[in-house]
Amino acid sequence: MSSLSFNHFKTGNSNSAIGLARRRRQALPIRPSRVAFKVCASSSESEAAGPDLSVNVNGLHMPNPFVIGSGPPGTNYTVMKRAFDEGWGAVIAKTVSLDAAKVINVTPRYARLRAGANGSAKGEIIGWENIELISDRPLETMLKEFKQLKEEYPDRILIASIMEEYNKSAWEELIDRVEQTGVDAIEINFSCPHGMPERKMGAAVGQDCALLEEVCGWINAKATVPVWAKMTPNITDITQPARVALSSGCEGVSAINTIMSVMGINLNTLHPEPCVEGYSTPGGYSAKAVHPIALGKVMNIAKMMKAEFDGDNYSLSAIGGVETGGDAAEFILLGADTVQVCTGVMMHGYGLVKKLCTELKDFMKQHNFKTIEDFRGVSLQYFTTHTDLVKRQQEAIRQRKAIKKGLQSDKDWTGDGFVKESESMVSN
Ligand SMILES: Cc1cc2nc3c(=O)[nH]c(=O)nc-3n(C[C@H](O)[C@H](O)[C@H](O)COP(=O)(O)O)c2cc1C
C-alpha cells in the first residue's frame, strides 16, 4: 500500500480570551492550517460491500472511526502493532512525559464493579476504577517505538498523548521530541484525575481555564501537527475548558477521561479498594457505567461547538464505556468524529474492533446511511431545555384534547368520516 503524507505547518496562532469564541470565529474566517493531508490506498475492509466507515478528521484519514484510547492498550510497540493489525482506525499511545523516573505506579491499581446481585463475583463488569499513572517507561524508549511504528505503518494514524508540568520549555521540548518520531497528531492529557494533579499536571490544568488557556497557547505556538485537548469530566461545565482549548488553537477536543471515584469499601476488612498496603486513593472510573455520563458531556460539547465553531475545521473525539457498535453510533449521532475505546479493549481484547465495525455497519444499513457523515450529529437537534419540553408537551396535550373533544355541533357530522367522528366522542 502506498501512502503520501505531508503537513501544513501552522501559519499563525491566535490565543483569545474565554467567551470570545464566537466573535473570534467571525474575525477569523480562514482557519490556520495545521491539518495533516494524507492520501491512503483504500483498505480491504473499505472495499467490502456495505456502508463506508472511513473518516477524515483534521486531515487525517482513518479506515474507521474506532481509536484506541490512551491507556494500557497503547502502552508499548507490541500492543500498538497489534491494534493496527486488528484494524483499529487509529491508536493513541499511553501518555508520556519528559521524565518517566518521576512516575511510580502501585499494584493493585484496578478495582471493578459488577452488576450481579449484591455485587456477585459472577456479575457482568460494568465499572472499572484505576489509580494508574501515565507511562512509567523511559521517554526515549517510547519515542523509538513511535518511530518504528510509523516506519512500519506509514499510512496508519498514530497519535501521541503527552502531559507535562507547568513549564513552557518542558512542553516545547516534549512536543519537539514527540513530533520528530513522525506521529500524525498529539492529544494533550489535561484530564488525568489522580496522581498527576498533585504535581500541577493533568486535571489540575484542565480544571483551571486560565491555566489551560496559557498552556494551550504554549502548545499551539509550538506544535506543527493537529492537537486534540482531552477534557476531564470532573468539572461543573465541561464546555468551558473545551471552548478555551479550541479558542486557543487546538484542532479538536476529546472527552471524557475517567471520572473521579472511590470504588468501594471492603466490608470485611473495612479498607477501601483498590487496597495498597491497607490504604487507597480516589481513582478514575471508566467502562459501561460511565457511558451515559460521557454521552451527556459529549452532547454539551457538541452543542457548544456547533454554535460557536466551524464544524469542518474542529473535531470531537468521544470516549467512555464503548463496547458495542451501538454505543459508538450514539456518540456519532451526537456529533463525534471519532470514538475512542480503552477499558473495552482491556476487557475484550483488540479483536473487539471487528465486532464494533460490524455492529456499526448493521446500524447504518438499518437506516440506509452510506457514510458516517450521513448521520453524524443528527440527534443533537432533539435536545432542548426543560422549559421547552414543558411547552411542547402542553401544546401536544392541547392538540389531543381538541381532537378528543369531537364535533363542535351536529351540523359537523359527515357521511365519510362518520365512524371516526363517533369514536372521537367516546369517553374511554
Ligand atoms: C487503566 C487505565 C489507564 C488510563 N491511562 C490513561 C492515560 O495514560 N492517558 C489518558 O489520557 N487517559 C488514560 N485513561 C483514560 C482512558 O483513555 C479513557 O479516557 C477512559 O478510561 C474512558 O474510556 P473507557 O470507558 O473506554 O475506558 C486510562 C484509563 C484506564 C482504564
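Residues in the sequence shown are numbered consecutively from 1, following full-length UniProt numbering. The beta carbon of each residue, even a glycine, is placed where N, CA and C say it ideally should be.
Leaving out the 5 sequence neighbours to the left and right, which residues in its chain are closer than 7 Å to residue i when beta-carbon positions are compared?
{"i": "THR239", "result": "ASN300, ILE301 and MET304"}
{"i": "GLU165", "result": "ARG199, LYS200 and MET201"}
{"i": "SER317", "result": "VAL67, TRP228, GLY252, SER254, ALA336, ASP337, THR338 and GLN340"}
{"i": "ASP184", "result": "ALA36, LEU60, ILE157, LEU158, ILE159 and VAL225"}
{"i": "PHE204", "result": "Correcting the residue identity first, residue 204 is Ala in this sequence and not Phe. These residues qualify, in order along the chain: PRO197."}
{"i": "LYS370", "result": "PRO51 and ASP52"}
{"i": "GLY278", "result": "HIS271"}
{"i": "GLN84", "result": "Just to set this straight, residue 84 is Phe in the shown sequence, not Gln. Excluding positions up to five away in sequence, the list reads VAL91, TYR153 and ARG156."}
{"i": "GLY326", "result": "GLU359 and PHE363"}
{"i": "ARG109", "result": "ASN130, ILE131, GLU132 and PRO274"}
Helix, strand or coil, according to DSSP, for residue i in the structure here?
{"i": "SER97", "result": "coil"}
{"i": "ASP412", "result": "helix"}
{"i": "GLN393", "result": "helix"}
{"i": "ARG137", "result": "coil"}
{"i": "ILE235", "result": "coil"}
{"i": "LYS222", "result": "helix"}
{"i": "ARG376", "result": "coil"}
{"i": "ILE131", "result": "coil"}
{"i": "ALA204", "result": "helix"}
{"i": "GLY264", "result": "strand"}
{"i": "THR385", "result": "coil"}
{"i": "HIS194", "result": "coil"}
{"i": "HIS271", "result": "coil"}
{"i": "VAL322", "result": "coil"}
{"i": "LEU212", "result": "helix"}
{"i": "SER248", "result": "coil"}
{"i": "ARG199", "result": "helix"}
{"i": "GLY349", "result": "coil"}
{"i": "ARG34", "result": "coil"}
{"i": "LEU143", "result": "helix"}
{"i": "GLY217", "result": "helix"}
{"i": "VAL426", "result": "coil"}
How far does the beta strand (DSSP E) with residue i in it extend, from its first residue to its last?
{"i": "ILE104", "result": "Taken as a continuous stretch (DSSP letters only), ILE104 belongs to no beta strand (DSSP E), as it is neither H nor E."}
{"i": "TYR285", "result": "283 to 286"}
{"i": "THR338", "result": "338 to 341"}
{"i": "GLY252", "result": "252 to 255"}
{"i": "ASN300", "result": "Premise fails: ASN300 lies in the alpha helix (DSSP H), 291 to 308, not in any beta strand (DSSP E)."}
{"i": "GLU187", "result": "185 to 189"}
Kindly identify the DSSP beta-bridge partner or partners of residue i.
{"i": "MET62", "result": "VAL55"}
{"i": "VAL91", "result": "ILE68 and LEU158"}
{"i": "TYR279", "result": "VAL276"}
{"i": "ILE125", "result": "ARG114"}
{"i": "THR371", "result": "ASP52"}
Ignore the nearest five residues each way along the sequence and tell me which others in residue i's own chain have a CB closer than 6 Å to its CB.
{"i": "SER427", "result": "none"}
{"i": "ALA111", "result": "GLU129, MET263, GLU273 and PRO274"}
{"i": "PRO233", "result": "ILE256, ILE259 and LYS297"}
{"i": "ALA289", "result": "ILE126 and GLY127"}
{"i": "THR181", "result": "LEU143, PHE146 and LYS147"}
{"i": "PRO138", "result": "ALA100"}
If you follow the alpha helix (DSSP H) that residue i is in, where does it begin and where does it stop?
{"i": "MET260", "result": "No alpha helix (DSSP H) contains MET260, which is instead part of the beta strand (DSSP E) from 259 to 261."}
{"i": "TRP171", "result": "168 to 179"}
{"i": "ILE162", "result": "No alpha helix (DSSP H) holds ILE162; the beta strand (DSSP E) holding it covers 157 to 162."}
{"i": "LYS361", "result": "352 to 367"}
{"i": "ASP316", "result": "One detail in the question is off: residue 316 reads as Leu in this sequence, not Asp. Per DSSP, LEU316 belongs to no alpha helix (DSSP H); it is in the beta strand (DSSP E), 315 to 319."}
{"i": "ALA115", "result": "Per DSSP, ALA115 belongs to no alpha helix (DSSP H) and is neither H nor E."}
{"i": "LYS230", "result": "Not the alpha helix (DSSP H): LYS230 falls in the beta strand (DSSP E), residues 227 to 230."}
{"i": "residue 439", "result": "Any answer about residue 439 is impossible in this case: the structure gives the chain only from 1 up to 428."}
{"i": "GLY311", "result": "First-last for GLY311: undefined, no H or E at that position."}
{"i": "LEU333", "result": "325 to 333"}
{"i": "GLU421", "result": "418 to 423"}
Spatial neighbours of residue i within its chain, please: C-beta separation below 8 Å, excluding the five flanking residues on both sides.
{"i": "TRP218", "result": "LYS168, TRP171 and GLU172"}
{"i": "LEU380", "result": "MET299, ALA302, LYS303, LYS306, LEU333, LEU334 and GLY335"}
{"i": "LEU407", "result": "TRP413, GLU421, SER424 and MET425"}
{"i": "PRO241", "result": "PHE190, GLY206, GLN207, CYS209, LEU212, ALA229, MET231, THR232 and ILE235"}
{"i": "ARG376", "result": "ILE332, LEU333, GLY335, ALA336 and ASP337"}
{"i": "ALA223", "result": "LYS10, ARG34, ILE175, GLU179 and ILE186"}
Quick one: does residue i have its CB under 7 Å from some CB of chain C?
{"i": "LEU360", "result": "The structure shown has no chain C; it contains just one protein chain."}
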